[in-house]
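For reference, the structure discussed in these notes is given below.
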Amino acid sequence: MLKILHIVLLASVKYIVTLPYAMIIGLDYEYALLAVLTGGIGGFLFFYYISKPLNRGLILMWPCLCKAIPNSLKGRYHNWCINRTKKKKKRIFTWKNRFISRMRSNYGFWGVIIATPVLLTIPIGAFLANKYYAQRRHIVLYMILSIIGWAGVLSGLVHLFPKVFL
């Protein structure tokens, strides 16, 4: 029971290493796969829905944090606090900015979806998905399908190379 809980918690943070690790510590394949899927999906949902209030809280807290800096550090961080508390000017969109924005909107969404369980960690992928793509309708569904798909790929690797993981 503790092994399964350990695998669920590990899968919610570092997904790619969890299924091979579960097989190495001697967990049955079915329980390992179920624990990895539960941890990955549960971790994504947890970090996805907790990141929005954290983002809003940090944005509201910047002016208070800058006022609370001790006098000994104010000289060093003075410019940083000024930049954080000022209203930002409207961006002027040039051809380069529009090109970058178009590229991010075309490829960035699928890049975050595909890379989150493997290259990015699940908390970072959930944060990026919520910050930049929360307005998309099926972001949660796509991310869950990506987690399930990568579990299938990892499961295939475990079956192709059983001597490595057993």
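Position 61 of the sequence shown, counting from 1, maps to 61 under full-length UniProt numbering, and the rest follow consecutively.
All C-beta atoms in this analysis are idealised placements derived from N, C-alpha and C, irrespective of residue type, glycine included.
Only residues of its own chain outside the window of five on either side were considered, and among them Thr18 have a CB closer than 6 angstroms to the CB of leucine 10, listed in chain order. Annotation for alanine 22: the continuous alpha helix (DSSP H) segment containing it runs 18–24. With respect to the C-alpha of glycine 42, the residue from Ile148, Pro20 and Ile92 having the closest C-alpha is Ile148. Inclusion of tyrosine 29 and isoleucine 4 in the CB contact set at 8 angstroms is not warranted, their separation being larger than that value. Sequence-distant Cβ neighbours of valine 112 in its own chain, meaning closer than 8 angstroms and more than five residues away, are Leu120, Gly125, Leu128, Ala129, Tyr132 and Tyr133. When rounded, the separation of the alpha-carbon atoms in serine 12 and arginine 56 is 23 angstroms. Ranking Tyr21, Ala35 and His159 by CA distance to the CA of methionine 1 puts Ala35 first. Counted as a single uninterrupted DSSP element, the alpha helix (DSSP H) harbouring serine 155 occupies residues 139–160. DSSP places isoleucine 92 outside any alpha helix (DSSP H), giving it a letter other than H or E. By the neighbour-count criterion, in which 16 or more other beta carbons inside 10 Å mark a residue as buried, glycine 152 falls on the exposed side.
Classified as buried, tyrosine 15 has 16 or more neighbouring CB atoms from the shown chains inside 10 Å of its CB.
Here threonine 94 is exposed, its C-beta having fewer than 16 other C-beta atoms within 10 Å. For valine 13, the three-state secondary structure derived from DSSP is coil.
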